[in-house]
Structures are given as C-alpha cells and as structure tokens.
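Colleague: Line order of the protein sequences matches chains A and B.
Under the numbering used here, the first residue of the first sequence is numbered 1203, with each subsequent residue one higher.
Under the numbering used here, the first residue of the second sequence is numbered 1203, with each subsequent residue one higher.
Protein chains: 2
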Amino acid sequence: MTDLAVDDDGRTLHQQVLSGLRRRILLGQIEPGQALTIRGLAAELGVSAMPVREALRQLVAERALELMDNRRVRIPPMTIERFEDLIAARIVLEAEAAARAMPYVTDAVIARLEAEDAVINEAEAARDYDRWIWANYAFHSVLYGAAGHSVFLPLIESLWLQIGPFLRRAIRTLSGHYTVDRHGEALAALRRRDTMALRIAIEADIRDGIAHIGSTLIRSEALGRQLEDSMA
Amino acid sequence: MTDLAVDDDGRTLHQQVLSGLRRRILLGQIEPGQALTIRGLAAELGVSAMPVREALRQLVAERALELMDNRRVRIPPMTIERFEDLIAARIVLEAEAAARAMPYVTDAVIARLEAEDAVINEAEAARDYDRWIWANYAFHSVLYGAAGHSVFLPLIESLWLQIGPFLRRAIRTLSGHYTVDRHGEALAALRRRDTMALRIAIEADIRDGIAHIGSTLIRSEALGRQLEDSMA
DNA sequence: CATGCTCCCATGTGATCACAAATTCGCGAC
DNA sequence: GTCGCGAATTTGTGATCACATGGGAGCATG
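1. Do we get a CB-CB distance below 9 Å when we pair B:H1351 with the residues of chain A?
2. Taking only beta-carbon positions, decide if B:D1431 is within less than 9 Å of chain A.
3. Where does B:V1275 fall in DSSP's three states?
4. For B:L1220, which three-state DSSP category applies?
5. Locate the alpha helix (DSSP H) running through B:Q1260, then write down its first and last residues.
6. Hey, out of B:P1234, B:G1222, B:Q1217, B:V1294, whose CA is closest to B:L1268's CA?
7. Using a Cβ cut-off of 9 Å, which residues of the segment 1338-1366 of chain A contact any Cβ in chain B, in chain order?
8. Report buried or exposed for B:Q1218, applying the criterion of at least 16 other Cβ atoms within 10 angstroms of its Cβ.
9. Which one or two residues does DSSP pair with A:E1268 in a beta bridge?
10. Could you tell me which residues DSSP puts in a beta bridge with A:L1238?
11. Return helix, strand or coil for A:A1403, following the three-state DSSP convention.
12. Whose Cβ in chain B lies nearer than 9 Å to the Cβ of A:T1198?
13. Closer than 7 Å between beta carbons: that is the criterion. Which residues of the segment 1259-1272 of chain B meet it against chain A?
14. State yes or no: is the C-beta of B:V1307 within less than 9 Å of the C-beta of B:L1392?
15. If you draw a straight line from the alpha carbon of A:R1255 to that of A:V1275, how long is it in whole angstroms?
16. Compute the Euclidean distance between the alpha carbons of B:P1367 and B:V1294, then round it to the nearest angstrom.
17. Relative to the C-alpha of B:I1452, which residue among B:N1272, B:E1264, B:H1351, B:L1363 is closest?
18. 9 Å is my cut-off, CB to CB: does A:E1298 come that close to chain B?
19. At which residue ranges does the segment 1280-1361 of chain A contain complete alpha helix (DSSP H) runs of 4 or more residues, listed in the order of the chain?
20. State yes or no: is the beta carbon of B:V1511 nearer than 9 Å to at least one beta carbon in chain A?
21. Would you identify the three-state DSSP class for A:E1233, choosing helix, strand or coil?
22. Looking only at its own chain, which residues have a Cβ that is under 6 Å from the Cβ of A:S1360, when we skip the five neighbours before and after it?
23. I want to see whether chain A comes within less than 9 Å of B:D1407, judged by CB atoms only; does it?
24. DSSP on A:T1397, reduced to helix/strand/coil?
25. Kindly list the residues whose CB is nearer than 7 Å to the CB of B:A1399, restricted to its own chain and excluding five residues on each side of it in sequence; keep chain order.
26. For chain A, find out if any of its Cβ atoms is closer than 9 Å to the Cβ of B:E1423; answer yes or no.
27. Going by the beta-carbon positions, is the gap between A:A1257 and A:L1229 smaller than 9 Å?
28. So, with DSSP's three-state summary, where would you put A:L1369?
29. Cβ closer than 9 Å: which chain A residues qualify as neighbours of B:L1288?
30. Could you please tell me which residues of the segment 1231-1259 of chain B, in chain order, have their CB closer than 8 Å to any CB of chain A?
31. So, is the C-beta of B:A1291 closer than 9 Å to a C-beta in chain A?
32. Figure out for me which residue from B:D1396, B:R1384, B:T1397 has the closest Cα to the Cα of B:I1412.
33. Is it buried or exposed, B:D1309, if we count other Cβ atoms within 10 angstroms and call 16 or more buried?
34. Counting C-beta neighbours from all protein chains within 10 Å, is the total for A:S1352 16 or more, i.e. buried, or is it exposed?
35. Are A:A1300 and A:L1345 closer than 9 Å when you measure CB to CB?
36. Roughly how many angstroms separate the alpha carbons of B:L1389 and A:L1220, rounded to a whole number?
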C-alpha cells in the first residue's frame, strides 16, 4: 500500500520501517484498535518479516505500542489517568528541556523556529492537519535539540508517540477554536533570553493544545471505555 | 558464562535476555568500552542470535545502548554535559512522579518502602554494593509505581539505564562517606502526606547520591575524555 | 623500522523455515 | 436460531542461512 521507496539511502530496512511507522503513529494515522501483525505490515510494506519485527520491538520499548499477553502488539488504550500523566510528564520535561536549551539558542536557531512557526500557520490556514502536526513536532524538536547532547528529546518523543494516535481524532475540534499564539510568546521569550517566560509559554502551549483533546476524550469517555473493553 | 536458567517461566527467551542485560547494565557490570556483539552474547548466554538481537534493539531504543555508525552497539560514552542533563531529567521526572504517586500511597506501600529501606541499610553495612544498588532502584520503583498506570516509570528507568554503567565506578567512593538519610526523610514526608517535603527529599536523594559520582567523573575527566576518544 | 596493501575472519542485516500457541471459522447438536 | 466444539489458518518466537561490509592481522615494500 504505502510502499517504501524501492531503495532509500544507506539506512537499514529496519530503520526505514521504523521511521515510517513512527510517522504514522505521530500523525494519528493508525487506528487504536487496528490489528498490527508482523506479516501483515511486512506484506504491506513489501519487506520481509525481520525488519518489521525489529521496528515493532523498538516501538514497544518506546511505549508507542504495547505487548499484550497474547504477544500481539497494539496501540495502548487511552485512559483519563494515563492521559493526565502524559500531559504532566510533557510539561515538566519540555519546560526543563526548553530552559536548558536557552544557552544554545542562537539567532540561527530562532530563525529555524520562525520558519517552522510559519509552516504551522500556513498549514492551519490550509486545513492541512498532517502538515500542521508535523511542523508542530519540528518546532519543539528544534528547540529542545539545540543543545545537541540530547537526553531530553528521546524521552519527549516517547511521550509524543503515546499521545499521537489520539491526536487526530481531536484535532478537527481544535482547529475550529481560536488558539492563542503560544509559539509567538515562546519566540519572544527566546529573543529576550527570558528563561522563565519561555517555561511559561511552553507549558501554556502544551496545556492549550491538549485541553481540547482532553475534553474530547472526556466527552467520548463512554465510547472510549467501551472500545478499551472490547480490546482487552 | 552467566548461563540463563535452562527453562524459565512463560517468559520468552528475548525477555529473559533483556532483563538479564538490563540488570547487568543497572548494576554497572558492563564495562563502557566492552564489545557487545550479537553472536558473542548469544554464545555466552547459550541462546541463538535472535533473542539477543531483539534485546539489544530494545536497549538501544531505551538509550541504554547506542548504535554506532559501524552498526555496532556500545554503552554511550559519558560526558559532563550529558551527565548533567541526566541528573536534571531525573530530578524533574522523579519529583513529579513522587508527587503524583502521593494519593496512591497507602500504609501497605509505606511498609514495602520501609522494607526496601531496611535492605538498603543492611547492604550498606555488609558492603554488598549490588544489593545496595538494586534495593535503591526497588525503593524508587515502588514509590513511583504506586499509582499503577505508569507513564513516568519507564521514562525514569531509561535514565537509570543510562547512568548505571558509570555508577559502580563511583559507588566505592560514595559508600565511604557519611550519607544523609534521605529515604528516611522521604518516608517521613509520606507518612505526613506532605507532598512538598517529599519532592524536596527525592531531589536531595538524587543530588546526594549523584554528587559523588559527578565529582568522580570530573576527577577522572581526563581519563574519561581519553576513553571517549578512543571509542569514537 | 615504519607504512601500505591484501586477504581473511568476525559481524550486522535480512530472508526463510520450523514449531507451538492462539485465534477463527464452520459444522453440528440442541 | 444459538451455543459448543474441533479443525484449519493465522501469528509470534526462535533457529539457521546467505550475503555484504568492515576491521584486523599478516606480509611485503619503501
């Protein structure tokens, strides 16, 4: 179906499969209940089972997927409690990562952030959700990765992967609302080298974007619980 | 060598290999420069290459190991900057995890924590470093895992795995010093249901235990850099 | 004695196969 | 029509094999 390019760069097949799956998860293109079988994915991607096995294993390690007792893998069902934990973890980690990145934020970094912010605005105007989500990740990645030696980024990416599958469902609701320009506030704080303001802007950005998802989750709590049970 | 029990419980071979390797890393029993080859470990553990491959892949995903350009895996070299990031991440994550666990801390949980604390003290008296380290992990795991739905624990374990290999080297230095009883403070805070005091005790515990390692790292900075270069 | 080259072995990657467990589907009984 | 029950298929796990690459030892040459 979404066949991998016949022959990519020097990356191993397993890495190509992994980044492909990771992208699909981050963009919420994989249905939470959907069956994820090794042979199925292998056939779909036109590779043997081996690279898919390793990719799935890695995604399980990153908590993007869950290994059930059946030894099958699935996207972990979301609960209110888990969702709140994910948000809390995102806030403390991303605020700290942003603050620690501050000394490494050069004008070049700010320029890249502005570029990503522009893409976000374009995508929002064009109702291009995939592009919007992806640019959002890019914006945060560039900021947290500015320091180079990345301890925080992998942890944060794990959290994104866990939230991703439930993002798309709520994103349509979100895009209708007027959203405060938190990225603008963050950029202003960066230009002023104001670490405290940056922390506040990042936290507000996470809470804003997530509040709608949370309310969506709550509204569909009955449905969610039913889905979760049906998969248990 | 350290042969796996001929036949364990219902766990898959790959899981047994994984937890074995994880334990060795957490206890600092794997030399940072040591060669970690699939076939070598497979022969050592008496299994085929397959379970080892998957275990290594998973440890790479958890950042306990690093995939080099040679496609070989090694324990990532430590630098001062990375070490400081690891400590900072531990503090924000573990303090938040502890605070969020507070509502779930029953008397039974406190009893288990007291039991682990007793083990820690025994091990310290007996100069049993492995047991000391392991009980320390257990103490924190019990606390953070009290809430059940664990988002924080996997993230924290990833940080432990990254620090583990460099722990043993410094632990002898540490055990000589008089260490303030931070776990006692944490337990007292738990009994009083004092969340703020708990956060402070946890942060102090991390800083205490780590300060010695940090200074050891700095004292051996020249050696460390040389090691790092030789492995680069 | 240092340096470069060649050959060989070790290693990671990917494919395929064997097997056991689990799921599913279909048939039959009530 | 519904509920069990058994066979067939699907699926994950582990082993083995083929292949290409990279590292290292050994030798020859300067």
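We put the beta carbon where it would ideally sit given N, CA and C, even for glycine.
Modeller: The structure says:
1. By one-based count along the second sequence, residue 1351 of chain B stands at place 149. Chain A contact via Cβ: present.
2. Numbered from its first residue, the second sequence carries residue 1431 of chain B at position 229. The predicted model places B:D1431 with a pLDDT of 45, which falls under 50 and marks its position as unreliable; any figure quoted below should be read in that light. It does not: the Cβ of B:D1431 has no partner Cβ on chain A nearer than 9 Å.
3. In the second sequence, the residue the question calls residue 1275 of chain B occupies position 73. Strand, per DSSP.
4. To locate residue 1220 of chain B, count along the second sequence from 1; it is residue 18. Helix, per DSSP.
5. Here residue 1260 of chain B refers to the residue found at position 58 of the second sequence. That run of the alpha helix (DSSP H) goes 1251-1263.
6. One-based indexing of the second sequence puts residue 1268 of chain B at position 66. One point to set straight first is that residue 1268 of chain B is Glu, not Leu, in the sequence displayed. When each option's Cα is compared against that of B:E1268, the closest is B:P1234.
7. Correct list: A1349, G1350, H1351, S1352, V1353, F1354, P1356, L1357, S1360, L1361, Q1364.
8. In the second sequence, residue 1218 of chain B corresponds to position 16, counting from 1. Classification of B:Q1218: buried, given that the 10 Å Cβ count is 16 or more.
9. By 1-based counting over the first sequence, the position of residue 1268 of chain A is 66. Partner(s): A:R1276.
10. Taking the first sequence and counting its residues from 1, the one referred to as residue 1238 of chain A is at position 36. Looking at the DSSP assignment, A:L1238 forms a beta bridge with A:V1275.
11. Position 201 of the first sequence, counting from 1, holds the residue named residue 1403 of chain A. The answer is helix: DSSP assigns A:A1403 an H, G or I state.
12. Since the first residue of chain A shown is 1203 and the last is 1434, residue 1198 of chain A is not available in this structure.
13. R1259, Q1260, A1263, E1264, R1265
14. Counting from 1 along the second sequence, the entry for residue 1307 of chain B is found at position 105. Counting from 1 along the second sequence, the entry for residue 1392 of chain B is found at position 190. Contact flag set, yes.
15. Stepping through the first sequence from its first residue, residue 1255 of chain A is reached at position 53. Stepping through the first sequence from its first residue, residue 1275 of chain A is reached at position 73. Roughly 11 Å between the two C-alpha positions.
16. Taking the second sequence and counting its residues from 1, one reaches residue 1367 of chain B at position 165. Taking the second sequence and counting its residues from 1, one reaches residue 1294 of chain B at position 92. Roughly 22 Å between the two C-alpha positions.
17. For residue 1452 of chain B there is no data in the structure shown, the boundaries of chain B being 1203 and 1434.
18. Position 96 of the first sequence, counting from 1, holds the residue named residue 1298 of chain A. So yes, A:E1298 belongs to the interface.
19. 1282-1303, 1309-1327, 1331-1346
20. A question about residue 1511 of chain B goes unanswered here, because the residues of chain B that appear run from 1203 up to 1434.
21. Here residue 1233 of chain A is taken as the residue at index 31 of the first sequence, counted from 1. Three-state result, A:E1233: coil.
22. Translated into the one-based positions of the first sequence, residue 1360 of chain A becomes position 158. Closer than 6 Å at the Cβ level, and outside the excluded window around A:S1360, lie E1264, R1265.
23. Here residue 1407 of chain B corresponds to residue number 205 of the second sequence, with the count starting at 1. Not closer than 9 Å to any Cβ of chain A, the Cβ of B:D1407 fails to qualify, so no.
24. Reading the first sequence from its first residue, position 195 is the one you call residue 1397 of chain A. When DSSP states are grouped into helix, strand and coil, A:T1397 belongs to the helix group.
25. Within the second sequence, residue 1399 of chain B is the residue found at index 197, counting from 1. Answer for B:A1399: A1391, listed in chain order.
26. Within the second sequence, numbered from 1, the residue matching residue 1423 of chain B stands at position 221. Unreliable placement is indicated for B:E1423, whose pLDDT of 49 sits below 50; the coordinate value is still reported in the next sentence. So, not an interface residue.
27. For the purposes of this step, residue 1257 of chain A is taken as the residue at position 55 of the first sequence. For the purposes of this step, residue 1229 of chain A is taken as the residue at position 27 of the first sequence. Going by C-beta atoms, A:A1257 is not nearer than 9 Å to A:L1229.
28. Residue mapping note: residue 1369 of chain A aligns to position 167 of the first sequence, counting from 1. Residue state, collapsed to three classes: coil.
29. To locate residue 1288 of chain B, count along the second sequence from 1; it is residue 86. Here the neighbours are V1353.
30. R1255, E1256, R1259
31. Position 89 of the second sequence, counted from the start, is the residue given in the question as residue 1291 of chain B. It does; some Cβ of chain A falls within 9 Å.
32. Sequence index remark: in the second sequence, residue 1412 of chain B carries index 210 (1-based). Of the listed residues, the one whose Cα sits closest to B:I1412 is B:R1384.
33. In the second sequence, residue 1309 of chain B corresponds to position 107, counting from 1. By the neighbour-count rule (16 or more Cβ atoms within 10 Å), B:D1309 is not buried but exposed.
34. As a first step, residue 1352 of chain A must be located in the first sequence, where it is residue number 150. By the 10 Å Cβ count, A:S1352 comes out buried.
35. For the purposes of this step, residue 1300 of chain A is identified with residue 98 of the first sequence, where counting begins at 1. For the purposes of this step, residue 1345 of chain A is identified with residue 143 of the first sequence, where counting begins at 1. In contact: A:A1300 and A:L1345 (Cβ atoms closer than 9 Å).
36. Locating residue 1389 of chain B in the second sequence gives position 187, counting from the first residue. Locating residue 1220 of chain A in the first sequence gives position 18, counting from the first residue. Distance between the alpha carbons of B:L1389 and A:L1220: 43 Å.
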